[in-house]
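In mature numbering (1 follows the signal peptide of the UniProt record, and there is no 0), the protein residues as written are -23 to -1, 1 to 171.
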């Protein structure tokens, strides 16, 4: 009985902590699953990302057939070259969630050979906690150079980046989150509280 009370107390504290986060999970592409864009919508992922104002703590959810695809978080250089050899993080379960825990630009691509070159790739800009965007680095700008229509969202140049603000691949690996803390907390807390 004491263990159950302790678990219920811990779950309540966790829910109180999570209450301060207005985090949202977005399904990549909305109605479109993660896949090679059709000829009628070659810029589906670019348009989707530009339509959303992400915030720190939000998550992006990639839905795809695990036997046919995967999703990789990559560096700007790997994004530009569609280089799949050394991803920051690879998920291949068909139901992949990446938590946006670092301000700046994050890059994702399909892990299936040839899909990146066919447009199955995505970048998102995550603002700082105060809502301003970090100015894209030269590496970020070079990563998007092959895609002339890839513009930064409005306001992306409104804040100057502190020296060294763009994380390295090692830093990205350290903060790249998978899964959803809120969903996990709720799945534990709800049965205890009911």
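Think of the CB as a built atom: it goes at the ideal place given N, C-alpha and C, for glycine as much as any other residue.
Residue span of the alpha helix (DSSP H) that contains residue i, given as start and end
i: residue 54; result: 53 to 58
i: residue 67; result: Element bounds for residue 67: not the alpha helix (DSSP H) but the beta strand (DSSP E), 66 to 68.
i: residue 99; result: Taken as a continuous stretch (DSSP letters only), residue 99 belongs to no alpha helix (DSSP H), being part of the beta strand (DSSP E) at 98 to 103.
i: residue 118; result: 115 to 121
i: residue 95; result: Unbroken run through residue 95: none, as it is neither H nor E.
i: residue 192; result: Any property of residue 192 remains undetermined from this structure, which presents the chain solely from -23 to 171.
Run of the beta strand (DSSP E) containing residue i, from where it starts to where it stops
i: residue 82; result: 81 to 87
i: residue 41; result: Residue 41 -> no beta strand (DSSP E), and no H or E assigned at all.
i: residue 111; result: That residue, residue 111, is in no beta strand (DSSP E); it is neither H nor E in DSSP.
i: residue 4; result: 2 to 4
Inter-residue spacing [alpha-carbon to alpha-carbon] between residue i and residue j
i: residue 1; j: residue 74; result: 12 Å
i: residue 21; j: residue 37; result: 15 Å
i: residue 23; j: residue 100; result: 7 Å
i: residue 88; j: residue 120; result: 18 Å
i: residue 39; j: residue 8; result: 11 Å
i: residue 3; j: residue 98; result: 16 Å
i: residue 68; j: residue 49; result: 6 Å
i: residue 55; j: residue 61; result: 7 Å
Identity of the residue in the options nearest residue i by Cα
i: residue 51; options: 64, 57, 59; result: 64
i: residue 28; options: 16, 57, 103, 34; result: 103
i: residue 114; options: 85, 106, 80, 107; result: 80
i: residue 57; options: 94, 72, 76; result: 94
i: residue 110; options: 91, 118, 90, 82; result: 82
i: residue 12; options: 47, 25, 26; result: 47
i: residue 5; options: 31, 45, 112, 107; result: 31
i: residue 78; options: 34, 15, 26, 16; result: 34
i: residue 43; options: 72, 60, 15, 66; result: 72
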